[in-house]
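Here's the structure we're looking at; comments come further down.
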Amino acid sequence: MADALLEIESVSKRFGGVIACDAISLAIPKGELHAIIGPNGAGKTTLIGQLAGEIAADAGRIRFEGRDSELRTPARAALARVGLAGRADVVVSNLSHGEHRQLEIAMALATTPRMLLLDEPMAGMGPDESARMVKTLRELKRELTILLIEHDMEAVFALADRITVLVYGRIIASGTPEAIRANAEVRQAYLGEQEQRHG
681 MADALLEIES
691 VSKRFGGVIA
701 CDAISLAIPK
711 GELHAIIGPN
721 GAGKTTLIGQ
731 LAGEIAADAG
741 RIRFEGRDSE
751 LRTPARAALA
761 RVGLAGRADV
771 VVSNLSHGEH
781 RQLEIAMALA
791 TTPRMLLLDE
801 PMAGMGPDES
811 ARMVKTLREL
821 KRELTILLIE
831 HDMEAVFALA
841 DRITVLVYGR
851 IIASGTPEAI
861 RANAEVRQAY
871 LGEQEQRHG
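In the numbering used here, the protein residues as written are 681 to 879.
Here is the structure:
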């Protein structure tokens, strides 16, 4: 993709006999919020770890703005942008779980990144905190490219421009939220499992 901000080319990672990422290739254009979903063990967190430079890929290339790259986002506070301006004087240990997740995003934003890699930012949140995070991400996607890994399907379908589904380290589908929701293989492999769990 000519206008891709992030290009992932055949990225693979093994842990012993387990293939965590199996020749994953994706192109993420500037300004897109791209979600990666899949069941536990699908390789989502391993992929993010490779993109962030925390885990070395066994094979493949990661290019950011056309250059081979490892993406790193050291952290400082940018509280107003994530709705924590009024909590600036609160000791971090006194923040709620949801506020901790907002603080993590604020710390990344302080470095003026062009792209955010978010690994389950809504994990463990209640409905109100999740709604606040969705609002924050919706505002941020107007100006930043975001790669989001998330199990909260309601949030994923509300936010994502495109969704990629991983199962056993392989991409089984990638497309618009509407296309993913209608994909029979995805429904069988993942979305049906989610519906049974919550149904």
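In this text, a Cβ means the ideal position worked out from N, Cα and C, and glycines have one as well.
Would DSSP call Asp808 helix, strand or coil?
Asp808 falls in the helix class under three-state DSSP.
Just list the residues that DSSP pairs Gly855 with in beta bridges.
Gly855 pairs with Ile843.
To the nearest angstrom, report how far apart Asn720 and Ala737 are at their CA atoms.
Rounded to the nearest angstrom, the two C-alpha atoms are 20 Å apart.
Do Ala684 and Ala707 come within 7 Å of each other at the CB atom, strictly closer than that value?
Yes. Within cutoff.
Hey, would you say Ser705 sits closer than 7 Å to Ile716, going by beta carbons?
Not a contact, by the Cβ cut-off of 7 Å.
Smallest Cα separation from Val845: which of Leu824, Gln868, Ala838, Ser776?
Looking at the Cα atoms, Gln868 is the closest of the given residues.
In angstroms, rounded to a whole number, what distance separates the CA positions of Val836 and Gly697?
Cα-Cα distance, rounded: 31 Å.
Cα-Cα separation, Ile826 to Ala864
When rounded, the distance between both Cα atoms is 27 Å.
Other residues of its chain near His777: CB distance less than 6 Å, five sequence neighbours each side excluded:
Excluding positions up to five away in sequence, the list reads Gly804.
Three-state secondary structure (DSSP) of Leu820:
Residue state, collapsed to three classes: helix.
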